[in-house]
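Protein chains: 2
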Amino acid sequence: MPTPPAQPTGELRREQLLNAADRVVQREGPGASMNAIAAEAGITKPILYRHFGDRNGLIGALTERHTSGLLAAVRAALNEPLERRDRVEHVLDTYLAAIESRPQVYRLLTHPEAGDPTGAGSALAPALRQIAEEITKAVQTQVDLGADGPLLSETWGRAVTGMVLAAGDWWLEQRPCPRARMVQALADLLWGRLAAAGDLPGAVAAAQPAPPPAEEPAGEPAAEQSPRTG
Amino acid sequence: MPTPPAQPTGELRREQLLNAADRVVQREGPGASMNAIAAEAGITKPILYRHFGDRNGLIGALTERHTSGLLAAVRAALNEPLERRDRVEHVLDTYLAAIESRPQVYRLLTHPEAGDPTGAGSALAPALRQIAEEITKAVQTQVDLGADGPLLSETWGRAVTGMVLAAGDWWLEQRPCPRARMVQALADLLWGRLAAAGDLPGAVAAAQPAPPPAEEPAGEPAAEQSPRTG
DNA sequence: ATCGGCGTGTTACCTCGGGTAACATCACAG
DNA sequence: CTGTGATGTTACCCGAGGTAACACGCCGAT
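These protein sequences, in sequence, are chains A and B.
Each residue of the first sequence is one higher than the one before, counting from 230 in the numbering used here.
Each residue of the second sequence is one higher than the one before, counting from 230 in the numbering used here.
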């Protein structure tokens, strides 16, 4: 029985197919098979391939749908007129709220792998690459880092993205605390609390009398809290 | 002509097979096929499956080989008797030196995916999970974080691991600077340089007269460098 | 010496997922 | 009525993980 209900055509049909794919991914996570998606759409594989070329095309299109929203939210948070610490917290909270609201979708955005034999394994998925670039741009335009600005902002963009990705994944799986507390924990880390905190009694410490074991220059005897320029 | 040169047996043979697998992964990256590995070893697939059960078994065994070294190095660095900042730099340098020295091997450790349809997509590979746990343990035993210690150290372990993973991957691909500079950039981030740096002229800032756009409490008007407790 | 067990190896096959070729159908424009 | 462009189909190819079923060689026990 071919085409009893006249299917929409062109771009409309494509949207329908993406909706079906969305449902399957929502249900089975990334790595859903093309067959499964086709079945969900009530059709067979070749149609999917006509519309999207290959699997990457499909999940790419599916990804873009959701990336734009997340990216816009993060970008907006990065430009919120707040004190810097509050702005950072706002960005962190925005991301965590997003992955919390629809975990499967953001698993797709953050770990779209599932059979990708590209020799060059880049850690950050496209969506996260874009987020990293947003952070880099924000740091570059908002924070005065002197001559090291370009390098530091690029590095920090990736670093912060990876940090929040890993911490966010763990938080999603374990739910060790409410979201606000997670935001504080990460912001505290970025705010140098690791540097400011005191030593614990039995902890290892810089050997005062004997010279350190000659592996790195080890520089000055003590580093105060204010960061070095490197 | 079966068995003209008497092959070693048992554990020895297993090591040989792992050597072959190592060579293939070195050459083709993770995602190398079982057929390719078998061919490199001069045999056929079923033998590999007899020794390692399935693909996960093989890459697991292969991974453990290298994980121990990296893990030991990181653990040692975490307990080096240095000033805290120098210790952190030492850890960062240890990791970056490792991934620099044998990129393909550490790509295997950090991104072993390549076809892993496990529904629960955990971001951190086993090797990185172990590193995160080491960091957590070190923070917990060395740094005085008060009542928040357990949560913060766990969070920070994952966060720092993800941060160095993402930044390290980017650094390996782009080589934007020598290793020492990368170490400084990351240590500076962890040392609160983002909090300490000044504003740039045209940057967005907290709106003094008008109230902020009513989305988060936004707390005190200004946060000094010393971190809040959360 | 011989028999069984173990570890070695093989060929041939199964399943599943991505991807493609060739063909059938409808609808609409000229 | 015919061509074009969309829809859809069945049937196939290929590569990768994984599994029988079978064959050889060694070595120790009876």
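Virtual Cβ for every residue (Gly too), placed ideally from N, Cα, C.
Relative to the C-alpha of residue i, which candidate in the options has its C-alpha closest?
| i | options | result |
| --- | --- | --- |
| W385/A | A416/B, R336/B, V253/B and A425/B | A416/B |
| Q359/A | L338/A, P259/A, E402/A and L287/A | L338/A |
| Q403/A | R387/B, I288/B and P355/B | R387/B |
| A376/A | L394/B, A414/B and P355/B | A414/B |
| R256/B | E362/B, P332/B, A301/B and A395/B | P332/B |
| P405/A | T390/B, E383/B, D373/B and L418/B | E383/B |
| A249/B | A396/B, A267/B and D315/B | A267/B |
| V334/A | L291/A, L246/A, W399/A and V303/A | L291/A |
| W400/A | L381/B, A395/B and V393/B | L381/B |
| A395/A | L353/A, L287/A and D251/A | L353/A |
| P341/B | L357/B, A327/B, R304/B and S330/B | L357/B |
| L300/B | P430/B, P355/B, L418/B and R316/B | P355/B |
| E309/B | T323/B, T365/B, G391/B and G298/B | T323/B |
| E318/B | R336/B, L418/B and A361/B | L418/B |
| D371/B | V372/A, K366/A, P430/A and L374/A | As written in the sequence, residue 371/B is Gln, which differs from the Asp given in the question. Cα-wise, what sits closest to Q371/B is P430/A. |
Taking buried to mean at least 16 other C-beta atoms within 10 Å of its own C-beta, is residue i buried or exposed?
| i | result |
| --- | --- |
| G348/B | With a pLDDT of 49 at G348/B, under the threshold of 50, the modelled position of this residue cannot be trusted, and the question is left open. |
| A424/B | buried |
| T273/A | exposed |
| G239/A | exposed |
| R279/B | exposed |
| I328/B | buried |
| P237/A | exposed |
| P259/B | buried |
| G427/B | exposed |
| A261/A | buried |
| M283/B | Checking the sequence, you will find Asp at residue 283/B rather than Met. Exposed: under 16 other Cβ atoms inside 10 Å. |
| G397/B | buried |
| D315/B | buried |
| G391/B | buried |
| A361/A | buried |
| Y409/A | A quick correction: the sequence has Ala, not Tyr, at residue 409/A. Label assigned to A409/A: exposed. |
| I288/A | buried |
My guess is that residue i and residue j are in contact by the Cβ rule of under 8 Å, so how many angstroms apart are they, rounded?
| i | j | result |
| --- | --- | --- |
| V412/B | L325/B | 7 Å |
| G421/B | G421/A | 2 Å |
Near residue i, what residues of its chain come up, given a Cβ to Cβ distance below 7 Å and the 5 sequence neighbours on each side ignored?
| i | result |
| --- | --- |
| G378/A | Q369 |
| L247/A | A290, L291 and R294 |
| L241/A | none |
Residues in its own chain within less than 8 Å of residue i by CB, not counting five upstream and five downstream?
| i | result |
| --- | --- |
| E363/B | L300, V303, R304, L307 and G386 |
| E269/B | A249, A250, R252 and V253 |
I'd like the list of long-range same chain contacts for residue i, defined as Cβ closer than 6 Å, with 5 residues on each side in sequence excluded.
| i | result |
| --- | --- |
| R243/A | H280 |
| V393/A | Y324 |
| Q245/A | none |
| G344/A | Residue placement at G344/A is poorly supported in this model, since its pLDDT is 49, which falls under 50; the coordinates still yield a value, given next. Excluding residues within five positions, none has a Cβ falling inside 6 Å. |
| V389/B | I364 |
Practice problem: Tell me the start and end of each unbroken beta strand (DSSP E) in the region 302-352 of chain B that is at least 3 residues and wholly inside, in chain order. | Solution: Contiguous beta strand (DSSP E) elements confined to the region 302-352 of chain B do not occur, taking only those with 3 or more residues.
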